[in-house]
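Undergrad: As given, the protein sequences belong to chains A and B, one line each in that order.
Heads up: the first sequence at position 225 corresponds to 225 in our numbering, and the numbers run straight through without jumps.
Heads up, our numbering is the position in the second sequence plus 317, with the first residue counted as 1.
Here it is, the structure in full.
Number of protein chains: 2
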Amino acid sequence: MVTAPLGTDGYVVAVDVGGTSLKGARTATGGEVLETVEVPTGRGADAVDQVLSLCRSLAGPRTVAVGLAVPGLVDSDRGVVRYAANLGWRDLPLRDLVADELGLPVTVEQDVRAAGRAEAALDRDGAGGSLLLVVLGTGVGATVVFDGLPVVGDTSTAGEFGHVVTRPGGLACTCGQRGCLEAYASAASIARRYHAAGGDRSATAAEIATSVDPLALQVWQEAADALGLALAGATVLLDPAAIVLAGGLSRAGSRLVDPVHRSLQQQLAWRDAPPVRLSRLGSRAGQAGAALVAWEAAAALGTGRPAGRTPAPRLRR
Amino acid sequence: MVTAPLGTDGYVVAVDVGGTSLKGARTATGGEVLETVEVPTGRGADAVDQVLSLCRSLAGPRTVAVGLAVPGLVDSDRGVVRYAANLGWRDLPLRDLVADELGLPVTVEQDVRAAGRAEAALDRDGAGGSLLLVVLGTGVGATVVFDGLPVVGDTSTAGEFGHVVTRPGGLACTCGQRGCLEAYASAASIARRYHAAGGDRSATAAEIATSVDPLALQVWQEAADALGLALAGATVLLDPAAIVLAGGLSRAGSRLVDPVHRSLQQQLAWRDAPPVRLSRLGSRAGQAGAALVAWEAAAALGTGRPAGRTPAPRLRR
Ligand SMILES: [Zn+2]
Ligand SMILES: [Zn+2]
């Protein structure tokens, strides 16, 4: 369970703003989810109205803060969504919009970073709150978390792990490069490659993961190998305590973790691979991270218990 | 100039324990180097005795702490040099040895991380104390610095950037892998590849860097391309504010920086490359970093001015 800092009282509202659905929750200090609401996501201004109305419906007199997890390019310091293709948002001052509407402190965090914070918070005893989270979905994203804090980067674009080149001169990627990890290891690429090679055209990545068709095995193994190479590069540079796999492909469970770990170890001749495991929070990670940043915002403002009992918030990088 | 935290008075002793020479200095609060001593490095127990005697000779009544920068695998938390091949040290409790001898707080930091700290401290206004430092010498090492603190990693092996695979199936590396960055872009590899291809067998990497021989240009360009690819991977994941090049090869100046930046940009189709620049401290970076960690140790112990005027130290990850 992802818990709030001790000494903060009340509730927070946490919303995971996904491209498919908005998942809202009201969460207590101990991390207990008291109420949840899920609605299909609209586009553009409609989606903004949905976020506002979801926050209003979940907030009550004891709500101390709001946390929002949003996909895309997010400037958390200013609370601005710089670009979210699936939502049709560009340079949207989401923090101020919600804060003005609700009169509460609001924190906006990118969804992958929010998920990484939540996984690291769960894991603080094990990996010391440091890990590399990789989200394998339609695309491939990641976040590097140190001591519970995600690396945001100088231009807020850290974690674009899908565009690490794993096969120089390889398959074309949507980003304009060739050989990107995402061209081999995203759900979309796995399905596309399997179909193009003559596989059953109705098969999804999830089905390819569990198929015994030699073609499916090959496409899946190539995805694991590309991921293993990219993870080897990250391991060599950062020596993470754990590598955590999330996103739709992670539903393949050990069919994903085992070949990825094996491939990572094969591509690290001189050291042991770090542990590779599945996300513990799964599809709830974004929302749990949104709750976490809301609690931090509440603690920072001294909401709730007297200041002496409110721990200093972990400041963002 | 790398300065001490405000409010700490006195001097620190800083020693950069290199494989070739020990560079010791006595440094004041403002970062001024008051005295330096350099001696050729012995091996094993001799090198330990040299460190102790250098520290004794530089310390005085107003010395508040000692900082040591050491190559190899360094556990800074415990002050233990786990392995330093060039010095013949293994599992050496260097911090306690020096602390017992001098009766002062001692901090031991790995030399690349020490250099990264010092570069970041100089740069705090520009890149916010966050950067990727790459040391191109006989081997290739690196450190990732966030907010002035280097990433140490779960097993203290972060920064082994020389063993990022840039050419899958490529040249054999000493680590047992194929295609490592170090097999293309270290000074030793550049010279070896040039000689093996029929180039002048007396030419050093520095000479190859400035040669107009087409073979030299090709070997140098291949080094820059391997480095550009490895840096592109790190940029995509971490979005660093700056990439800083150090070590012997950095003496090539713009002959190194320009092709590396160009290659990095060519391998990042979808975003601008971060700035690439030379180390500002050059061969003094390790010693400056040793002074910095010494000042931090002094501040942490409340040495010097009254506690209220001593800033909280930056804690290690
Ligand atoms: Zn790409
Ligand atoms: Zn290697």
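C-beta atoms are modelled at their ideal positions from N, C-alpha and C, and glycine is treated no differently.
With three or more C-beta pairs closer than 8 Å as the rule, is the segment 168-175 of chain A touching the segment 557-565 of chain B?
TA: Cβ pair count under 8 Å is below three, so no.
Undergrad: Is the separation between the beta-carbon of L450(B) and that of G433(B) shorter than 8 Å?
TA: Within the second sequence, residue 450(B) is the residue found at index 133, counting from 1. Within the second sequence, residue 433(B) is the residue found at index 116, counting from 1. Contact: yes.
Undergrad: Name, going along the chain, the residues of the segment 239-254 of chain A whose beta-carbon falls closer than 9 Å to a beta-carbon of chain B.
TA: Those would be D239, P240, A241, A242, in chain order.
Undergrad: Identify the continuous beta strand (DSSP E) that holds D91(A) and give its terminal residues.
TA: On the first sequence, residue 91(A) is found 91 positions in, with the first residue counted as 1. That run of the beta strand (DSSP E) goes 89-92.
Undergrad: Name the residue from G137(A), T155(A), Q218(A), V37(A) whose alpha carbon lies nearest to the alpha carbon of S322(A).
TA: Any answer about residue 322(A) is impossible in this case: the structure gives chain A only from 1 up to 317.
Undergrad: Is Q584(B) near ligand 1, in the sense that its beta carbon is under 7 Å from a heavy atom of that ligand?
TA: Mapped onto the second sequence, residue 584(B) falls at position 267. No; taking the cut-off as 7 Å, the Cβ of Q584(B) has no heavy atom of ligand 1 nearer than that.
Undergrad: Would you mind telling me which residues of chain B sit closer than 8 Å to Q177(A), beta carbon to beta carbon, in chain order?
TA: Position 177 of the first sequence, counting from 1, holds the residue named residue 177(A). Going along chain B in sequence order, the residues near Q177(A) (Cβ under 8 Å) are Q584, L585, A586, W587.
Undergrad: Does the beta carbon of G148(A) fall short of 7 Å from some heavy atom of ligand 2?
TA: Here residue 148(A) corresponds to residue number 148 of the first sequence, with the count starting at 1. It does not: the Cβ of G148(A) is nowhere closer than 7 Å to a heavy atom of ligand 2.
Undergrad: Taking all protein chains shown into account, decide if R626(B) is buried (16 or more other Cβ within 10 angstroms of its Cβ) or exposed.
TA: Counting from 1 along the second sequence, the entry for residue 626(B) is found at position 309. Because the pLDDT at R626(B) is just 29, under 50, the model does not fix this residue reliably, and the value given afterwards should be weighed accordingly. Exposed, since its Cβ has fewer than 16 Cβ neighbours within 10 Å.
Undergrad: Should A197(A) be labelled buried (16 or more other beta-carbon atoms within 10 Å of its own) or exposed?
TA: For the purposes of this step, residue 197(A) is identified with residue 197 of the first sequence, where counting begins at 1. Exposed: under 16 other Cβ atoms inside 10 Å.
Undergrad: What does the shell around ligand 2 hold, if a residue joins when its beta-carbon is under 5 Å from any heavy atom?
TA: Taking each Cβ in turn, the ones that pass are H480(B), C490(B), C492(B), Q494(B), C497(B).
Undergrad: How big is the Cα-Cα spacing for I560(B) and P592(B)?
TA: If you number the second sequence from 1, residue 560(B) lands on position 243. If you number the second sequence from 1, residue 592(B) lands on position 275. Cα-Cα distance, rounded: 6 Å.
Undergrad: Using a cut-off of 8 Å between C-beta atoms, extract the partners of L229(A) located in chain B.
TA: Looking up residue 229(A) in the first sequence gives position 229. Within 8 Å Cβ-Cβ: V482, P485.
Undergrad: Thinking C-alpha only, which one of D575(B), A569(B), A549(B) is nearest Q584(B)?
TA: Here residue 584(B) corresponds to residue number 267 of the second sequence, with the count starting at 1. Of the candidates D575(B), A569(B), A549(B), the one whose C-alpha sits nearest the C-alpha of Q584(B) is A549(B).
Undergrad: Cβ atoms of G479(B) and E499(B): under 8 Å apart, would you say?
TA: Here the question's residue 499(B) lines up with position 182 in the second sequence. Here the question's residue 479(B) lines up with position 162 in the second sequence. Cβ atoms of E499(B) and G479(B): closer than 8 Å.
Undergrad: Say whether chain A places a C-beta atom closer than 8 Å to the C-beta of T474(B).
TA: Taking the second sequence and counting its residues from 1, one reaches residue 474(B) at position 157. Yes - at least one Cβ of chain A is within 8 Å of the one on T474(B).
Undergrad: Who are the neighbours of E499(B) on chain A, taking C-beta pairs under 8 Å?
TA: In the second sequence, residue 499(B) corresponds to position 182, counting from 1. Residues of chain A passing the Cβ test: none, with the nearest at roughly 11 Å.
Undergrad: Per DSSP, what kind of secondary structure is E355(B) in: helix, strand or coil?
TA: Walking along the second sequence from the start, residue 355(B) turns up at place 38. Strand, per DSSP.
Undergrad: Using 8 Å for Cβ pairs, my map puts V144(A) next to S186(A). What's the rounded Cβ distance?
TA: Position 144 of the first sequence holds residue 144(A). Position 186 of the first sequence holds residue 186(A). V144(A) to S186(A), Cβ: 19 Å. No contact.
Undergrad: So P591(B) contacts chain A; which residues on that side make the cut at Cβ distance below 9 Å?
TA: Your numbering for residue 591(B) matches position 274 in the second sequence. In chain order: D154, T155.
Undergrad: Looking only at its own chain, which residues have a Cβ that is under 6 Å from the Cβ of R193(A), when we skip the five neighbours before and after it?
TA: Residue 193(A) sits at position 193 when you count from the first residue of the first sequence. Same-chain partners within the cutoff: V219.
Undergrad: In whole angstroms, what separates the C-alpha of T195(A) from that of V106(A)?
TA: For the purposes of this step, residue 195(A) is identified with residue 195 of the first sequence, where counting begins at 1. For the purposes of this step, residue 106(A) is identified with residue 106 of the first sequence, where counting begins at 1. The residue asked about is misnamed: residue 195(A) is His in this sequence, not Thr. In a straight line, the C-alpha of H195(A) is about 44 Å away from that of V106(A).
Undergrad: How is P214(A) classed by DSSP in three states: helix, strand or coil?
TA: What you label residue 214(A) is simply residue 214 of the first sequence in a count that begins at 1. It is helical.
Undergrad: In chain B, which residues lie less than 7 Å from E160(A) when you measure between Cβ atoms?
TA: The residue you call residue 160(A) lines up with position 160 of the first sequence. Result: V553.
Undergrad: What does the alpha-carbon distance come out to for the pair L532(B) and R572(B)?
TA: For the purposes of this step, residue 532(B) is taken as the residue at position 215 of the second sequence. For the purposes of this step, residue 572(B) is taken as the residue at position 255 of the second sequence. Looking at the two C-alpha atoms, the distance is approximately 16 Å.
Undergrad: The beta strand (DSSP E) that contains S338(B), what's its start and end?
TA: Position 21 of the second sequence holds residue 338(B). First-last of the beta strand (DSSP E) with S338(B): 338-345.
Undergrad: So, with DSSP's three-state summary, where would you put E418(B)?
TA: For this step, residue 418(B) is matched to residue 101 along the second sequence. Three-state result, E418(B): helix.
Undergrad: In chain order, what residues of the same chain have a beta carbon less than 8 Å from the beta carbon of A203(A), not counting five sequence neighbours either side?
TA: Taking the first residue of the first sequence as position 1, residue 203(A) is located at position 203. Excluding positions up to five away in sequence, the list reads A191, Y194, H195, S211, A216.
Undergrad: Ends of the beta strand (DSSP E) at V81(A)?
TA: Position 81 of the first sequence, counted from the first residue, corresponds to residue 81(A). 80-84 is the span of the beta strand (DSSP E), which, as asked, contains V81(A).
Undergrad: Between the beta-carbon of G67(A) and the beta-carbon of Y11(A), is there less than 8 Å?
TA: On the first sequence, position 67 is the one that residue 67(A) refers to. On the first sequence, position 11 is the one that residue 11(A) refers to. Cβ distance not < 8 Å, so G67(A) and Y11(A) don't count as in contact.
Undergrad: Within the same chain, show all residues whose beta-carbon is closer than 8 Å to that of E355(B), passing over the 5 residues directly before and after it, in chain order.
TA: By one-based count along the second sequence, residue 355(B) stands at place 38. Excluding positions up to five away in sequence, the list reads S338, L339, K340, G341.
Undergrad: Tell me the residue span of the alpha helix (DSSP H) that contains R255(A).
TA: If you number the first sequence from 1, residue 255(A) lands on position 255. Run containing R255(A): 254-266, per the alpha helix (DSSP H) assignment.
Undergrad: Mind checking who I525(B) pairs with in its DSSP beta bridge?
TA: By one-based count along the second sequence, residue 525(B) stands at place 208. Its beta-bridge partners do not exist; DSSP assigns none.
Undergrad: For E352(B), verify whether its CB is less than 7 Å away from any heavy atom of ligand 1.
TA: The residue labelled residue 352(B) in the question sits at position 35 within the second sequence. Because no heavy atom of ligand 1 lies under 7 Å away, the Cβ of E352(B) does not count as near it: no.
Undergrad: Using the Cβ count rule (16 or more neighbours within 10 Å means buried), how would you classify A402(B)?
TA: Here residue 402(B) refers to the residue found at position 85 when the second sequence is read from its first residue. Exposed, by the Cβ-count rule.
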